[in-house]
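Each remark here refers to the structure printed beneath this line.
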């Protein structure tokens, strides 16, 4: 993938450096894991981040330099949710809770008997 090229489901998830968690800097690659999906919420305001934090998020990171917003093509006017699969590939890009529910309903529906 070239710099500035739009990311899509099926692409390798790009890294973003300089994300702040409390007082330390981290990157997205440091939070991706091979045993779980990672949900990235690009908020257009602080209210959404507060809701995620209250709901028990494992980490809330701030993208002060805009590296993640740029890498994922997220707009600062619209909330965007990027679902990163355990293999670090983008599973889906959705625009709200209903999209997340539909994605995981499709992914895990075959496992439900």
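Numbering (our numbering), first residue to last: 148 to 260. For every residue, glycine included, the Cβ atom is placed at its ideal position computed from N, Cα and C.
What does the Cβ neighbour count give for residue i, buried or exposed, with the cut at 16 atoms within 10 Å?
| i | result |
| --- | --- |
| residue 210 | buried |
| residue 180 | exposed |
| residue 198 | Bear in mind that the predicted position of residue 198 carries a pLDDT of just 45, short of 50, making it too unreliable to give a figure here. |
| residue 231 | buried |
| residue 161 | buried |
According to DSSP, is residue i helix, strand or coil?
| i | result |
| --- | --- |
| residue 157 | coil |
| residue 175 | helix |
| residue 220 | coil |
| residue 200 | Confidence is the limiting factor: at residue 200 the pLDDT is only 45, short of 50, which leaves the residue's position unreliable and the question unanswerable from this model. |
| residue 213 | coil |
Can you find the residues in the same chain that come closer than 7 angstroms, C-beta to C-beta, to residue i, ignoring five residues on each side of it along the sequence?
| i | result |
| --- | --- |
| residue 212 | 165 |
Is the beta carbon of residue i within less than 6 angstroms of some heavy atom of the ligand COA?
| i | result |
| --- | --- |
| residue 207 | Of the ligands one can find in the structure shown there are none, so the ligand COA has no counterpart to examine. |
What does the alpha-carbon distance come out to for the pair residue i and residue j?
| i | j | result |
| --- | --- | --- |
| residue 255 | residue 223 | 31 angstroms |
| residue 219 | residue 253 | 23 angstroms |
Grab me the residues of residue i's own chain with a C-beta within less than 8 angstroms of its C-beta, minus the 5 sequence neighbours each way, in chain order.
| i | result |
| --- | --- |
| residue 243 | 226, 228 |
Near residue i, which residues of its chain fall below 6 angstroms by C-beta distance, leaving aside the five closest residues on each side in sequence?
| i | result |
| --- | --- |
| residue 215 | 163 |
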